[in-house]
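Written out below as structure tokens is the structure these notes cover.
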Amino acid sequence: MWDPYGFMFRSIRIMLSRLIEEPWIEILQDEAVRLTDRLGIIFRFLEDEKVSAALHATFENLKRGGELDGLLFTGLTSRGMDLIQAYVDRTGDVQTAAILGSYVCPARFKDSRVEYWVEGYRDLLDQWKLFHFRCQFDIERGQMLRHLARIGLIQPTEWVERQLFIRCNYCSKVVSPKQTSEAANTLPNTERVR
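In the numbering used here, the protein residues as written are 1076 to 1269.
Now the structure itself:
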């Protein structure tokens, strides 16, 4: 069966465009041409001097459109996070952003957007009452972070804030060796156990 949006249609369209002497640069700017086809044209038919400029222009078009195919150019780097942000702005898909960002933050670099995407995804799963999937995401992310701490890529930290504090019976100040929260000092007095 003929697929009008498939490979044959795109290939015929590119060949006909070239036959009517349309320059390759104009064909590369056509958003209907898939990235793999554009890369093939860039590497096969453009002169060496124009390859770098064509790749840069292709990436900028992908970034502007929020296309995740642009990660082929950047990888999961800070520039890749810019591309993922454009993707989230276009689609609202925080799941993909949270999962991709979790692979590199905080292991390779810190980016506040990744934490925002992760928290947004966790809140979204909670709102939809998908607690099992939320737990699965948290467990797998925790295992990944624990592995990164074990091999020395990140510093080991307390992932969950302490919930038990030792208080002075006289002044109710926290006397734990490590004070993790200022709010702990402002908690109301509770019944003292002797």
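Even glycine gets a Cβ: it sits at the ideal position worked out from N, Cα and C.
Check, Outcome
"Is Trp-1192 near Gly-1217, with beta carbons less than 8 Å apart?", "no"
"Specify, as a first and last residue, the run of the alpha helix (DSSP H) that Ile-1229 falls within.", "Ile-1229 -> no alpha helix (DSSP H), and no H or E assigned at all."
"Between the stretch 1142 to 1160 and the stretch 1171 to 1191, do at least 3 Cβ pairs fall closer than 8 Å?", "yes"
"Please confirm whether Phe-1032 and Trp-1099 have their CB atoms less than 8 Å apart.", "Past the edges of the chain, shown from 1076 to 1269, lies residue 1032, and the structure says nothing about it."
"Considering only residues of the same chain and omitting the five flanking positions on each side of Pro-1231, which have a CB-CB separation below 7 Å?", "Ala-1224"
"Looking at Leu-1158: is its Cβ nearer than 8 Å to the Cβ of Leu-1147?", "no"
"Check each candidate in Ile-1229, Thr-1133, Arg-1109 and name the one with the smallest Cα separation from Phe-1184.", "Ile-1229"
"How would you label Gln-1326, buried or exposed, when you count the other beta carbons within 10 angstroms and need 16 or more for buried?", "Here the chain has residues from 1076 to 1269 only, and residue 1326 is not among them."
"Is it buried or exposed for Gln-1160, if we count other Cβ within 10 angstroms and need 16 for buried?", "buried"
"Buried or exposed for Asp-1186, please, with buried defined as at least 16 other CB atoms from any protein chain shown within 10 angstroms of its CB.", "buried"
"What do you get for Tyr-1245, buried or exposed, if any count of 16 or more other CB atoms within 10 angstroms of its CB means buried?", "exposed"
"Use the C-beta contact count for Ala-1129: other C-beta atoms within 10 angstroms, 16 or more gives buried, fewer gives exposed.", "buried"
"How far does the alpha helix (DSSP H) with Leu-1199 in it reach, from first residue to last?", "1187 to 1202"
"Rounded to a whole number of angstroms, what is the C-alpha to C-alpha distance between Asp-1123 and Asp-1164?", "35 Å"
"For the alpha helix (DSSP H) that Gln-1160 lies in, which residues bound it at each end?", "1153 to 1166"
"Closer than 8 Å, CB to CB, is Ser-1177 near chain D or not?", "Among the chains in the structure shown there is no chain D, since it carries only a single protein chain."
"Under 8 Å, do Val-1169 and Leu-1199 count as touching if we go by C-beta distance?", "yes"
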